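For the sequence shown, our numbering gives the first residue as 203, with consecutive numbering after it.
Contents: one structure, followed by commentary.
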Amino acid sequence: MKNALKRLFKRKIIIILLFFVFISPVFFVFLILERTPASLTSKVVDADDARRAKETIKRSLRPFRYPSDSATIYANEEDLNALMAFISRGVKNFSGQVEIGSRGLHSAMTLRIPHNPIGDYVNLRFGLEPSESGLKIFQVSLGKIKIPGRMALPMLRIFLNMVLDEEGGTAALKAVKSVNIAGKKVSLKLQPVPGFKLKLAKYKGMLKDFRDEVALLGDPNVVRIYYKMLEEHSRDIPKKQPVSLANFMGPLFRMAKDRSDYKLTEPADENQAALLALVMFFGSHRFESLIGPVRTEEMKLQRRSSPNAVLGDRRDLRLHFLISAGIKVISDKGITYTVGEFKELLDSSQGGSGFSFADLAADRAGLRFAEVAVDRSGGARKLQRLFSENASEDTFFPNVADLPEDLSKEKFESLYENIEAAPYLNMVNKIDARIDQLPLYIRDMT
203 MKNALKRLFK
213 RKIIIILLFF
223 VFISPVFFVF
233 LILERTPASL
243 TSKVVDADDA
253 RRAKETIKRS
263 LRPFRYPSDS
273 ATIYANEEDL
283 NALMAFISRG
293 VKNFSGQVEI
303 GSRGLHSAMT
313 LRIPHNPIGD
323 YVNLRFGLEP
333 SESGLKIFQV
343 SLGKIKIPGR
353 MALPMLRIFL
363 NMVLDEEGGT
373 AALKAVKSVN
383 IAGKKVSLKL
393 QPVPGFKLKL
403 AKYKGMLKDF
413 RDEVALLGDP
423 NVVRIYYKML
433 EEHSRDIPKK
443 QPVSLANFMG
453 PLFRMAKDRS
463 DYKLTEPADE
473 NQAALLALVM
483 FFGSHRFESL
493 IGPVRTEEMK
503 LQRRSSPNAV
513 LGDRRDLRLH
523 FLISAGIKVI
533 SDKGITYTVG
543 EFKELLDSSQ
553 GGSGFSFADL
563 AADRAGLRFA
573 EVAVDRSGGA
583 RKLQRLFSEN
593 ASEDTFFPNV
603 ADLPEDLSKE
613 KFESLYENIE
623 AAPYLNMVNK
633 IDARIDQLPL
643 YIRDMT
């Protein structure tokens, strides 16, 4: 009898395990997919949205720089929808909307996936209530799965504790003292949490350890080889006289080709390391925080003045090209496009230098360059070959002399309306067509 019960019990356990392994994921997918979107479209982005998004992000990050002080984070409905618009611009098939009313803040976000018989949309909805004590969520739903507010907050706490550490999520939620809704504006009053500054430092260290262990951007030691090569090559270059960036890229990618040929390493990997070194040396050392320790302590102490490297006879175009190339290596193409547009829209606002299609062309050329540099299907080798034979700007950087620049917000909107209107898209297509005709990017070349 006991043996029969044991066999029955084991059979039930096996059936339950099989359910969770095979049936449960299918059932979960069925529950989260819907046939209609919760958010139809995000608004069209303009210069005011760029300014709003930048100011909102800046305000929201300030308390994390001074976690020992009390602070208030605030945003109105337009600010939050501007953020949603820029996210949707950078993340393909995403849309989001925020509404603020007397009952609280309501947000709906939608991610459209490839067509399938169950549903084409993953919808996330949540609401935030006014509260004099802590954070109050009144409902969260993921597709057809609805989670009451009284369960959502503990689940969020558990999730944050898993991601951060045993008490990190609890501390983060305790930092919210109150939530106030007034008209179309939401304010979160934050209170200092004992030891939170130490926790932030700890999390920063954990991220660095994870970065070094995973090495998503390759081996920093290999990047250092190319970085040192740039240092040596730049010593004999006049510091004030403008010099084309191509003069440095030729020897750099010739070295990448030699290493690929003689060390039998993957050309795309060598190109990525060389490009990251170029981005750090002539763009920004901030990329090192994502790559890992490229410079030794001795290298950091050495004071150096970089040569006056230019593209299109301009330093600003060099920076646009390199920063966009660096962002492409570490992120998605859509995000890189959005960063470039975001910056130009900010420049068109009051106090900026004006919207520049020349800058935008440099951004897009940098993105294309990075795509080819790490292309394992032939682009990486093609780049090495071209730069070994003839490293000139005509190989990879378009002529921008005739592109409109210094456009104020009013001038930009009168000529091009917005970044989703036909006149603007026609200009972008013109730039892309010009880039496509450069030797490095012509598709029929091998």
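Ideal Cβ placement from N, Cα and C applies to all residues, glycine included.
Bear in mind the structure is a predicted one, so any value in this text is a computation, not a measurement.
The beta carbons of Glu279 and Glu301 sit closer together than 8 Å. Ile383: not part of any alpha helix (DSSP H); member of the beta strand (DSSP E) spanning 378-384, first to last residue. In this structure, DSSP gives Glu331 a state outside helix and strand, which the three-state scheme calls coil. Annotated as distal: Leu519 and Gly485, with beta-carbon spacing of 8 Å or more. The Cβ atoms of Phe599 and Phe483 do not sit closer than 8 Å to each other.
Three or more Cβ pairs closer than 8 Å define a contact, and the region 439-457 falls short of that threshold against the region 374-386.
The straight-line gap separating the alpha-carbon atoms of Asn363 and Thr372 is approximately 7 Å. Where Val388 is concerned, the enclosing beta strand (DSSP E) starts and stops at 387-392. Here the alpha carbons of Pro265 and Asp271 stand approximately 8 Å from one another. By the 16-neighbour rule on beta-carbons within 10 angstroms, Gly298 is buried. With distances taken between CA atoms, Ile525 lies nearest to Leu477 out of Arg497, Asn510, Thr498, Leu477. Just so you know, the alpha carbons of Phe557 and Ala563 end up roughly 12 Å apart.
As the crow flies, the alpha-carbon of Leu326 is around 5 Å from that of Met311. Annotation note: the region 547-621 contains the following uninterrupted alpha helix (DSSP H) runs of length 4 or greater, listed N- to C-terminal: 559-575, 581-591, 611-618. Taking each of Pro625, Asn620, Lys632, Tyr643 in turn and checking the Cα distance to Asp250, the smallest one comes out for Asn620.
In the DSSP assignment, Asn423 falls within the unbroken alpha helix (DSSP H) covering 422-436. Ser508 sits exposed, since fewer than 16 C-beta atoms from the chains shown fall within 10 Å of its C-beta. Going by DSSP, Phe296 is part of the beta strand (DSSP E) stretching over 296-303.
Per the coordinates, the alpha-carbon of Ser380 lies some 10 Å from the alpha-carbon of Thr274.
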